[in-house]
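Right, one structure below, let's go through it.
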Amino acid sequence: MIHFKAIAKVMGGLLMLLGLLMLPGIGFSFYYKSGDQMPLIYSAFVSIAMGGLLFFSFSKQDQNIRKREGYLIVALSWIFMSLFGMLPYLVSGTLTSLSDAIFETVSGLTTTGASVLNDIEALPKGILFWRSMTQWIGGLGIIVLTVAIFPLLGIGGIELFVAESPGPTSDKLHPRIRETAKRLWYVYVGLTLLCAGLFYVGGMDFFDAINHALTTLATGGFSTKNASMAFFDVPFIQYVAIIFMFLAGTNFTVIYFGLLGKFDKVWKSDEFKAYVLVVGLIIVGLSVPVFLTSGLGVEKAFRDTAFQVVSLLTTTGYVTADYTSYGHGLTILFFLLLFVGGCAGSTAGGIKFIRHLTFFKNTILEFKRIVHPRAVVPLKINNERVSGKIITHIMIFLLIYLMVFVVGSVVMSVVGYDMLTSFGAVATCLGNVGPAIGRVGPLDNFSFFDPFTKIFLSAIMLLGRLELFTVLVLFSPYFWRAN
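Okay, so the sequence shown: first residue is 1 according to full-length UniProt numbering, each after it adds one.
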């Protein structure tokens, strides 16, 4: 039997936390006199009040969260956070359409970065900060944060961590799950502050620096400027963004070990080594044709290429150049980056490097197995044997990912959108990237879509952010059968 009362208590705690995280934007509202403090206060009050009602109504319930409750909590939390997170947009009148508010909020919390706003710079400062905060909340996963906090409230958290982090690796910084979550957040917060400081030193004002730091470390890509990062055409700022996007796309356990000086554990990671190698090769490989076709100088061509490669590959979605203007061949190559993703255990979305690496290695070994059918040829990652169960899980994930992309593109085409726009919109929402091709290219937004399509793409974003299985398992009859 599923403990729905235990789920209700956890959901209440999440909503209270969400409401509290709305409060910092009020300070910016007062400081800049942008007049949006009351919508934020009202939204925070409603979220905290509703969360408190749920939390304290079921405070005496058994909070033993099992795997099924964990999956339900994770899926429902993103839905409820989206519904309450859109309140500042609706109450302030920034967005008047329900579908627009849902899309913008889901895009923020899933760190997709796709937007329906045509004039971002016209937004009040408090709302603009909340928009960035939604991505920072979703970056490492609010569930991971609650794993560190909820034990103080008498709520267990290991199944939440498992459901929120469904990748194929299981590296832990500390044997206690609560300590693991706390240390991940220490790294996350520390890198965010460092990134903000460097942006400020590079010439951004404080407000722009903190907002872009929030969305850079979250690999979200929401900017305070209509031109995105192209507005800050300063080499220092853009190189800082490249470095921190790259770090945000790295497994945070690897970063943690690197900060401790345990470089043997850093280079033990096959995924990290593949990540560094592939990113470097793609940047070098694409810089030459970009230089030849764009008419830019050597440094500018390299910087634009490096920025767009890292931005797309880590699913950040910042823009400094229109990569669709480089010709059809390069456009296709940049489009393919939407299907890569960062490392497992990072804030990036997408398929993830570890899955690509496992698939590639297993494919190579399969040829050896064909030639030597009696030989036992195990697949190893990080010098450890990968079980057949994990290999099967990854293969099924890749197949389902492809199926969702195809079915989603067909639905978009049936609704009435052209093929490139359909492919681009579904690919970028499923991978939580932001820009794509067609009418959703790097210089466009998603405001032209009809309400049904915006809700449909919001569902695709949630499905991609929770890596398919966490959501799809809820539609399985096996999930609802009694133990």
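Just so it is clear, CB atoms sit at the ideal spot from N, CA and C, and this is done for glycine as well.
This one's a predicted model, so the numbers in the text were calculated from it and none came from an experiment.
Do residue j and residue i come within 8 Å of each other at the CB atom, strictly closer than that value?
| i | j | result |
| --- | --- | --- |
| serine 115 | serine 107 | yes |
| valine 340 | histidine 356 | yes |
| glycine 221 | tyrosine 89 | no |
| leucine 281 | glycine 431 | no |
| tyrosine 401 | isoleucine 351 | yes |
| threonine 112 | valine 371 | no |
| threonine 224 | isoleucine 137 | no |
| isoleucine 26 | glutamine 37 | yes |
| serine 294 | methionine 245 | no |
| isoleucine 460 | valine 426 | yes |
| leucine 457 | valine 471 | no |
| serine 57 | leucine 40 | no |
| phenylalanine 55 | lysine 9 | yes |
| serine 132 | threonine 219 | no |
| asparagine 251 | cysteine 343 | yes |
| glutamate 69 | isoleucine 7 | yes |
| serine 269 | valine 254 | yes |
| methionine 11 | phenylalanine 80 | yes |
| alanine 321 | alanine 230 | yes |
| isoleucine 396 | phenylalanine 307 | no |
| leucine 14 | serine 82 | no |
Consult DSSP for residue i and reduce its assignment to one of helix, strand or coil.
| i | result |
| --- | --- |
| glutamate 179 | helix |
| tyrosine 328 | One detail in the question is off: residue 328 reads as histidine in this sequence, not tyrosine. Histidine 328: helix per DSSP, three-state reduction. |
| methionine 412 | helix |
| alanine 114 | coil |
| isoleucine 120 | helix |
| proline 451 | helix |
| isoleucine 400 | helix |
| cysteine 195 | helix |
| methionine 1 | coil |
| proline 373 | coil |
| threonine 358 | helix |
| arginine 68 | helix |
| aspartate 264 | helix |
| glutamate 104 | helix |
| leucine 462 | helix |
| isoleucine 242 | helix |
| isoleucine 436 | Contrary to the premise, residue 436 reads as alanine rather than isoleucine in this sequence. DSSP places alanine 436 in coil when its eight states are reduced to three. |
| leucine 160 | Residue placement at leucine 160 cannot be trusted, given a pLDDT of 46 that sits under 50; the coordinates are not used to answer. |
| glycine 342 | coil |
| phenylalanine 222 | coil |
| phenylalanine 28 | helix |
| phenylalanine 334 | helix |
In terms of DSSP beta bridges, what is residue i paired with?
| i | result |
| --- | --- |
| residue 559 | Look at the range of the chain in this structure, 1 to 483, and you will see that residue 559 is not part of it. |
Go ahead and label residue i buried or exposed: buried means 16 or more other beta carbons lie within 10 angstroms of its beta carbon, across all protein chains shown.
| i | result |
| --- | --- |
| methionine 403 | exposed |
| valine 367 | For the sequence presented, residue 367 should be read as phenylalanine rather than valine. Exposed, since its Cβ has fewer than 16 Cβ neighbours within 10 Å. |
| lysine 262 | exposed |
| methionine 86 | buried |
| glycine 464 | buried |
| alanine 75 | buried |
| threonine 180 | buried |
| arginine 303 | buried |
| proline 435 | buried |
| residue 491 | Residue 491 lies beyond the residue range present for the chain, which begins at 1 and ends at 483; the question has no answer from this structure. |
| aspartate 418 | exposed |
| lysine 454 | buried |
| threonine 110 | buried |
| tryptophan 480 | exposed |
| lysine 380 | exposed |
| phenylalanine 257 | buried |
| glycine 416 | exposed |
| threonine 96 | exposed |
| isoleucine 73 | buried |
| isoleucine 394 | buried |
| isoleucine 155 | In this prediction, isoleucine 155 has a pLDDT of 42, which is less than 50 and means its spatial position is unreliable; nothing more can be read from the coordinates. |
Residue range of the alpha helix (DSSP H) that residue i falls in?
| i | result |
| --- | --- |
| alanine 213 | 206-217 |
| isoleucine 7 | 4-22 |
| cysteine 429 | 419-430 |
| glutamate 271 | 270-294 |
| aspartate 304 | 298-313 |
| phenylalanine 479 | 477-480 |
| valine 46 | 37-57 |
| arginine 131 | 125-140 |
| leucine 443 | Here leucine 443 belongs to no alpha helix (DSSP H), and DSSP marks it neither H nor E. |
| glycine 258 | 252-259 |
| leucine 468 | Element bounds for leucine 468: n/a, residue is neither H nor E. |
| tyrosine 89 | 87-92 |
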